[in-house]
Structures are given as structure tokens and as C-alpha cells.
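See structure below.
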Amino acid sequence: MNINRQLPVSGSERLLTPDVGVSRQACSERHYSTGQDRHDFYRFAARLHVDAQCFGLSIDDLMDKFSDKHFRAEHPEYRDVYPEECSAIYMHTAQDYSSHLVRGEIGTPLYREVNNYLRLQHENSGREAEIDNHDEKLSPHIKMLSSALNRLMDVAAFRGTVYRGIRGDLDTIARLYHLFDTGGRYVEPAFMSTTRIKDSAQVFEPGTPNNIAFQISLKRGADISGSSQAPSEEEIMLPMMSEFVIEHASALSEGKHLFVLSQI
């Protein structure tokens with residue numbers, strides 16, 4: 006990638022980031038951003054509400070950050086990843102961005118809005134959410150994040166063991182045990198955040214019921230620590246509609262459950 010061609014300009018003068026040829030096998034199931042996609046994402050990101058008192062950076066600041074030659078030199082795995090795509094990762098790993106305000110304060114974090122939408126769409130239709138729906142306000146971010154993960158996995162896909170901890174509910178736990186008993190596949194419709202560090206997964210939060218711990222054997226994940234807001238978490242993100250086989254399931258104690266997954 007010729008980095009000089011994508012140096013950003015500010016405000017209304019910002020140009021479309023040009024397309025480049027990326028060495029990869031063609032795959033119709035994977036999304037890669039176009040110049041128009043990146044233009045749409047920039048406009049989307051410019052309208053987001055940002056909590057600048059924390060770690061929220063404007064889209065212009067993020068574009069500058071991820072176009073910088075020092076960033077590119079330090080992170081060769083990002084050689085085919087556009088600044089807009091890096092920005093989507095940063096925004097998705099932060100609490101400081103939202104498409105709406107609640108009583109003048111930042112509303113639901115962007116990552117939660119996006120994942121809730123993807124899960125709801127899958128629940129209603131039984132299939133992957135349609136990310137090309139231009140009527141859906143979150144579509145620019147979903148497309149940009151999908152492209153970012155695909156480009157990272159093309160260059161240096163992560164393979165190994167990761168961890169994820171969530172606070173579930175009785176229905177979710179029952180469904181996981183049912184999938185284990187019947188040999189069914191566990192599908193995550195949304196983007197899945199995991200970590201290489203077991204302690205960072207916050208497995209088994211004290212004093213809370215229905216804790217679920219996942220130990221996952223990955224064949225293909227995206228190491229996003231280079232553009233994450235919290236690089237020390239060593240986050241490995243998985244694209245939406247990732248599928249798994251549940252190899253082991255056990256109740257460690259009351260309210261604490263362990264599921265060992267293998268990515269398909």
C-alpha cells in the first residue's frame with residue numbers, strides 16, 4: 006500500500022481513500038470496503054457523539070493517527086488496512102462513541118448498539134444481518150469493521166486459545182448445554198471480542214449469577230491490539246456469524262459455567 010496516497014485531509018476537504026490491490030484469494034462471503042464505503046463511514050463517524058473527556062477521538066484525529074508513518078512502521082500487519090478501517094476498530098473497542106444522547110450524556114456505546122442489532126436481526130430472520138441495507142444507520146460501521154477484520158486475518162490470522170467471559174441468563178446457559186448434548190453448532194451473530202489473557206476476560210465476576218466462561222480454540226481470528234483503544238487487553242476479535250462446536254461443558258459451581266469451544 007502506498008501510504009502517501011491515503012494521507013488524510015481535514016473537514017469537508019477530506020478525499021476518498023483510494024482503493025488498492027490486496028493480495029488475497031477472492032472470497033464472496035467476505036466483505037472488503039470500497040472507496041464509497043469508506044466515504045460513507047467517514048460521514049457516519051463524523052455524526053457520532055463522542056465523549057472527549059475520556060479517550061474519544063474525532064474521526065479526523067483517528068484518521069491522522071492511523072495514517073501516520075510511525076504507526077505503519079510499528080504495525081506491519083496493518084499494511085493493507087485503511088485508516089477508516091483502523092478507526093472502526095478503535096471506536097468499537099471504546100465506551101466513548103454513540104449514535105445518540107440520553108439526557109445530554111453519551112448513550113449506549115456504539116459496539117453494544119451494533120452487536121445488539123446484529124443479534125436481533127439474526128433472531129428475527131435466522132440468518133446473517135444484511136449489512137448492505139443503506140436504510141440501517143449502523144451499516145457503515147458494520148461494513149468497515151468487517152473489512153478491517155478480514156484484511157487483518159488475510160495478513161496475519163491469529164490461531165490459538167482465547168478467552169471470553171459474559172454474564173448470561175438461564176435461557177442462554179440452557180441453550181449452550183442443549184447444543185453440547187445434541188452436537189449442535191453455537192453461532193455468534195455479532196462481532197465477538199475475546200482475549201489472549203485469561204484474567205482479562207473477567208471470568209466469573211464476584212457476586213453475580215449466571216457467569217459464563219468460554220475457552221475457545223481459534224483457527225482464524227484478528228489481533229486488533231494495534232488499533233484498539235485498550236491494546237493491553239490483547240484482544241482477538243472474530244467476525245460476525247462465527248461458528249463453533251462445544252467440546253466440553255460443565256458447571257464449576259453454582260452460577261459459574263465453563264464451555265470449551267472449537268472454531269469451525
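Positions 6 to 269 (my numbering) are the ones given, in order, by the sequence shown.
Heads up, the beta-carbon is just placed ideally off N, CA and C, and yes, glycines get one too.
All of these numbers come straight from a predicted model, not from anything done at the bench.
Taking the alpha carbon of residue i as the reference point, which residue from the options has its own alpha carbon closest?
{"i": "Q234", "options": "V86, D45, D101", "result": "D101"}
{"i": "G260", "options": "D174, S151, Y168", "result": "D174"}
{"i": "H105", "options": "V119, H80, I94", "result": "V119"}
{"i": "A78", "options": "G231, S144, A227, D186", "result": "G231"}
{"i": "I251", "options": "S198, R180, I241", "result": "R180"}
{"i": "L123", "options": "S151, S63, A99", "result": "S151"}
{"i": "I217", "options": "T199, T200, L263, M245", "result": "L263"}
{"i": "H146", "options": "L257, S267, D42", "result": "D42"}
{"i": "T199", "options": "G212, N155, P244", "result": "P244"}
{"i": "H80", "options": "H97, M197, V160, M242", "result": "V160"}
{"i": "R225", "options": "P236, M96, S267", "result": "S267"}
{"i": "F219", "options": "M197, G40, V107", "result": "M197"}
{"i": "A206", "options": "G189, S103, S237", "result": "S237"}
{"i": "Q58", "options": "H36, R84, A99, R35", "result": "A99"}
{"i": "E89", "options": "K148, G165, D204, S247", "result": "K148"}
For residue i, which residues does DSSP report across the bridge?
{"i": "H54", "result": "S103"}
{"i": "R172", "result": "N216"}
{"i": "A256", "result": "H262"}
{"i": "S38", "result": "Paired residue(s): none; S38 is not in a bridge."}
{"i": "I111", "result": "L106"}
{"i": "I178", "result": "Answer is none; I178 lacks a bridge partner."}
{"i": "F249", "result": "Y191, Q268"}
Have a look at residue i and residue j and give me their C-alpha separation to the nearest angstrom.
{"i": "G26", "j": "I269", "result": "Because the pLDDT of G26 is 36, which lies under 50, any placement of that residue in the model is unreliable, and the number read from its coordinates should be weighed accordingly. Roughly 29 Å separates the two Cα atoms."}
{"i": "V265", "j": "F249", "result": "10 Å"}
{"i": "F163", "j": "E193", "result": "18 Å"}
{"i": "N215", "j": "I178", "result": "8 Å"}
{"i": "T187", "j": "M158", "result": "31 Å"}
{"i": "L143", "j": "V167", "result": "28 Å"}
{"i": "D228", "j": "G170", "result": "18 Å"}
{"i": "A195", "j": "I241", "result": "14 Å"}
{"i": "S255", "j": "I221", "result": "15 Å"}
{"i": "Y182", "j": "H127", "result": "20 Å"}
{"i": "H54", "j": "S130", "result": "30 Å"}
{"i": "R117", "j": "H75", "result": "31 Å"}
{"i": "R172", "j": "T213", "result": "8 Å"}
{"i": "K70", "j": "S38", "result": "20 Å"}
{"i": "F60", "j": "L223", "result": "30 Å"}
{"i": "L67", "j": "Y191", "result": "35 Å"}
{"i": "Y95", "j": "G189", "result": "34 Å"}
{"i": "P114", "j": "H253", "result": "33 Å"}
{"i": "D176", "j": "L125", "result": "16 Å"}
{"i": "Q30", "j": "E110", "result": "For Q30, the predicted structure reports a pLDDT of 37, less than 50, and the residue's modelled location is therefore unreliable. The matter cannot be settled from this model."}
{"i": "Q11", "j": "R108", "result": "Because Q11 sits at a pLDDT of 42, beneath the cut-off of 50, its placement in the model cannot be relied upon, and the following sentence gives the value as read from the coordinates. Q11 and R108: Cα-Cα distance of roughly 38 Å."}
{"i": "D73", "j": "E82", "result": "15 Å"}
{"i": "H36", "j": "E141", "result": "17 Å"}
The alpha helix (DSSP H) that contains residue i, what's its start and end?
{"i": "I229", "result": "Element bounds for I229: n/a, residue is neither H nor E."}
{"i": "H80", "result": "Here H80 belongs to no alpha helix (DSSP H), and DSSP marks it neither H nor E."}
{"i": "H97", "result": "88-97"}
{"i": "L67", "result": "64-72"}
{"i": "L123", "result": "115-130"}
{"i": "R156", "result": "144-161"}
For the beta strand (DSSP E) that residue i lies in, which residues bound it at each end?
{"i": "I241", "result": "240-243"}
{"i": "V261", "result": "Residue 261 is actually Lys in this sequence, not Val. Element bounds for K261: 261-268."}
{"i": "R190", "result": "190-193"}
{"i": "M197", "result": "197-200"}
Does the beta carbon of residue i fall short of 8 Å from some heavy atom of the ligand FMN?
{"i": "N121", "result": "This structure simply doesn't include the ligand FMN, nor any ligand for that matter."}
When you compare the CB of residue i with every CB in chain C, is at least one pair closer than 9 Å?
{"i": "P244", "result": "Considering every chain present, this structure includes no chain C. It has just one protein chain."}
Spatial neighbours of residue i within its chain, please: C-beta separation below 7 Å, excluding the five flanking residues on both sides.
{"i": "I64", "result": "Y47, A50, A51, S92"}
{"i": "A86", "result": "In the sequence on display, residue 86 carries Val and not Ala. Here the set comprises A153, R156, L157."}
{"i": "D45", "result": "P145"}
Apart from the five residues just before and just after residue i, which ones in its own chain have a Cβ nearer than 6 Å to its Cβ?
{"i": "S258", "result": "none"}
{"i": "E239", "result": "T200, R201, I202, S230"}
{"i": "L184", "result": "Y191, I251"}
{"i": "G112", "result": "S103, H105, L106"}
{"i": "D56", "result": "D101, I111"}
{"i": "H97", "result": "Y116, L150"}
Once the 5 residues before and after residue i are set aside, which same chain residues still bring their CB inside 8 Å of it?
{"i": "L62", "result": "V55, K70, Y95"}
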